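Numbering (UniProt numbering), first residue to last: 1 to 206.
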């Protein structure tokens, strides 16, 4: 009988996500993941073709945190888009190094596609046409992605000084690292959804 693998694919992906979170994307290697799991690199090749396959799996696992939840029985497209935006921000808060990885990889996870499909279906069920529903989804995703990046920003390495007085004033105020706080995020999200409602939702004179 063949020996069972020392680790599972799920355990390897979970450890790879922890490497990303704790050590950054540059630390993601077959050797480092195996070392943290207490196995040798060849053990990982029982589950993955190569490092790219691992990175795809990590990207899918993180995106699934955003998109796997199905819409609630609220009957509100606005609620669903708002919750999607909040999950983006929360997920990137947990995985601050994930953005650089996700921007370079296609999504392969069926659960992720099903989750986004469900959000779009809520809009379609409320009478949205497909182009406007897609535009609304992309606007919310773009806002949430950008907001997530600013929420984990470390700011500038050096003080702006007298050469950049407006920036110095901004950094001396309520946003010393140019981070978007929770109140800022919610305020901006409300304004975005108000604009989507006004400009894109069914029944409005566009």
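Cβ coordinates follow ideal geometry from the N, Cα and C atoms, glycine included. For clarity, every value in this text was computed on a predicted model and none was experimentally measured.
- Message: Which residue wins for smallest C-alpha separation from residue 119, given the options 101, 69 and 103?
- Response: By 1-based counting over the chain shown, the position of residue 119 is 119. Of the candidates 101, 69 and 103, the one whose C-alpha sits nearest the C-alpha of residue 119 is 69.
- Message: Going by C-alpha to C-alpha distance, which of 8, 202, 11 and 18 sits closest to residue 94?
- Response: Counted from its first residue, the chain shown places residue 94 at position 94. Measuring from the Cα of residue 94, the nearest candidate turns out to be 18.
- Query: Are the beta-carbon atoms belonging to residue 107 and residue 20 less than 8 Å from one another?
  - Reply: For this step, residue 107 is matched to residue 107 along the chain shown. For this step, residue 20 is matched to residue 20 along the chain shown. Not a contact, by the Cβ cut-off of 8 Å.
- Message: Taking the alpha-carbon of residue 57 as reference, which of 110, 145 and 159 has the nearest alpha-carbon?
- Response: Counting from one through the chain shown, the residue named residue 57 turns up at place 57. Among 110, 145 and 159, the Cα nearest to that of residue 57 belongs to 110.
- May I ask you to verify whether the stretch 75 to 88 touches the stretch 177 to 194, counting CB pairs closer than 8 Å and requiring at least 3? yes
- Message: Since residue 147 and residue 180 should fall inside the 8 Å C-beta cutoff, what is the C-beta to C-beta distance between them, to a whole number of angstroms?
- Response: Position 147 of the chain shown, counting from 1, holds the residue named residue 147. Position 180 of the chain shown, counting from 1, holds the residue named residue 180. About 5 Å separates the two Cβ atoms, so the contact holds.
- Between which two residues does the alpha helix (DSSP H) containing residue 148 stretch? Your numbering for residue 148 matches position 148 in the chain shown. Counting along the chain, the alpha helix (DSSP H) containing residue 148 begins and ends at 130 to 151.
- Item | Environment of residue 125 [buried if 16+ CB atoms lie within 10 Å] | Walking along the chain shown from the start, residue 125 turns up at place 125. Label assigned to residue 125: exposed.
- Taking just the CA atoms, how far does residue 40 sit from residue 135? As a position in the chain shown, residue 135 is number 135, starting the count at 1. As a position in the chain shown, residue 40 is number 40, starting the count at 1. Using only the alpha carbons, I get a separation of about 47 Å.
- Task: Can you give me the Cβ contacts of residue 149 inside the same chain, cut-off strictly under 8 Å, excluding the 5 residues immediately before and after it?
- Result: Counting from one through the chain shown, the residue named residue 149 turns up at place 149. The answer, listed in chain order, is 92 and 99.
- Task: Using three-state DSSP, classify residue 63 as helix, strand or coil.
- Result: Here residue 63 refers to the residue found at position 63 of the chain shown. Of the three classes helix, strand and coil, the one that applies to residue 63 here is helix, per DSSP.
- In chain order, what residues of the same chain lie with their CB nearer than 6 Å to the CB of residue 97, ignoring the 5 residues before and after it? Translated into the one-based positions of the chain shown, residue 97 becomes position 97. These residues qualify, in order along the chain: 20, 24 and 25.
- Task: Run the CB neighbour count on residue 4, radius 10 Å, all protein chains shown included, and call it buried at 16 or more, exposed below.
- Result: Counted from its first residue, the chain shown places residue 4 at position 4. For residue 4, the predicted model reports a pLDDT of 49, less than 50, meaning its position is unreliable; a value from the coordinates is still stated below. It counts as exposed.
- Message: Output needed for residue 61: all residues of its chain with C-beta closer than 7 Å, excluding positions within five of it in sequence on either side, in chain order.
- Response: To locate residue 61, count along the chain shown from 1; it is residue 61. So the qualifying residues of the chain are 13 and 17.
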